[in-house]
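S.K.:
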């Protein structure tokens with residue numbers, strides 16, 4: 033239980049900081065599990081998901097850095113198709129390294145600015 037509460041504290045701290053500096057930009061939210069990684073571009077003003085990508089449909093789906101980088105490229109392409117170029121990165125309670133960092137770097141290379 034202690035680890036879960038630490039994660040929740042980190043997630044809330046990150047989300048609060050994002051609200052202060054995001055303005056009206058959409059949020060690129062990342063969720064990571066042991067088997068998959070998920071990314072969504074969320075417009076909080078309207079309360080809807082603009083674009084989404086994950087490792088569920090990939091043949092080589094898994095919890096590795098290469099799969100996370102592919103999700104980053106996919107989410108950047110989907111966001112650009114929806115007309116979104118600037119976002120704020122919401123890492124949730126996850127530390128910014130490994131798969132989360134690979135996804136963020138690939139999204140930047142794909143054309144998203146944050």
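Numbering (the numbering used here), first residue to last: 33 to 146. For every residue, glycine included, the Cβ atom is placed at its ideal position computed from N, Cα and C.
Identify which residue in 65, 135 and 76 has its Cα closest to the Cα of residue 97.
M.R.: Here residue 97 refers to the residue found at position 65 of the chain shown. Here the closest residue by C-alpha is 135.
S.K.: The alpha helix (DSSP H) spanning residue 137 covers which residue range?
M.R.: Counting from 1 along the chain shown, the entry for residue 137 is found at position 105. Its alpha helix (DSSP H) spans residues 131–141.
S.K.: Kindly confirm or deny that the region 107–123 and the region 39–50 touch, where touching means at least three C-beta pairs closer than 8 angstroms.
M.R.: The answer is yes - the region 39–50 touches the region 107–123, with three or more Cβ pairs under 8 angstroms.
S.K.: Which word fits residue 143, buried or exposed, when buried means at least 16 other C-beta atoms lie within 10 angstroms of its C-beta?
M.R.: Position 111 of the chain shown, counted from the start, is the residue given in the question as residue 143. Counting Cβ neighbours within 10 Å, residue 143 comes out exposed, since fewer than 16 surround it.
S.K.: Between which two residues does the alpha helix (DSSP H) carrying residue 71 extend?
M.R.: Here residue 71 is taken as the residue at index 39 of the chain shown, counted from 1. Where residue 71 is concerned, there is no enclosing alpha helix (DSSP H), although the beta strand (DSSP E) it sits in stretches over 69–75.
S.K.: Consult DSSP for residue 82 and reduce its assignment to one of helix, strand or coil.
M.R.: Taking the first residue of the chain shown as 1, we reach residue 82 at position 50. Three-state result, residue 82: strand.
S.K.: Under a CB-based cut-off of 8 angstroms, is residue 118 close to chain C?
M.R.: The displayed structure is made up of one protein chain only, and chain C is not part of it.
S.K.: Please list the terminal residues of the continuous beta strand (DSSP E) segment that includes residue 120.
M.R.: Position 88 of the chain shown holds residue 120. Unbroken beta strand (DSSP E) run through residue 120: 120–122.
S.K.: Need the endpoints of the alpha helix (DSSP H) that residue 116 sits in, please.
M.R.: One-based indexing of the chain shown puts residue 116 at position 84. Run containing residue 116: none; DSSP gives neither H nor E here.
S.K.: Going by DSSP in three states, residue 88 sits in which element: helix, strand or coil?
M.R.: Position 56 of the chain shown, counted from the start, is the residue given in the question as residue 88. Residue 88 falls in the coil class under three-state DSSP.
S.K.: Among 129, 106, 117 and 61, whose alpha-carbon lies nearest the alpha-carbon of residue 81?
M.R.: As a working note, residue 81 is residue 49 in the chain shown. The residue with the shortest Cα to Cα distance from residue 81 is 61.
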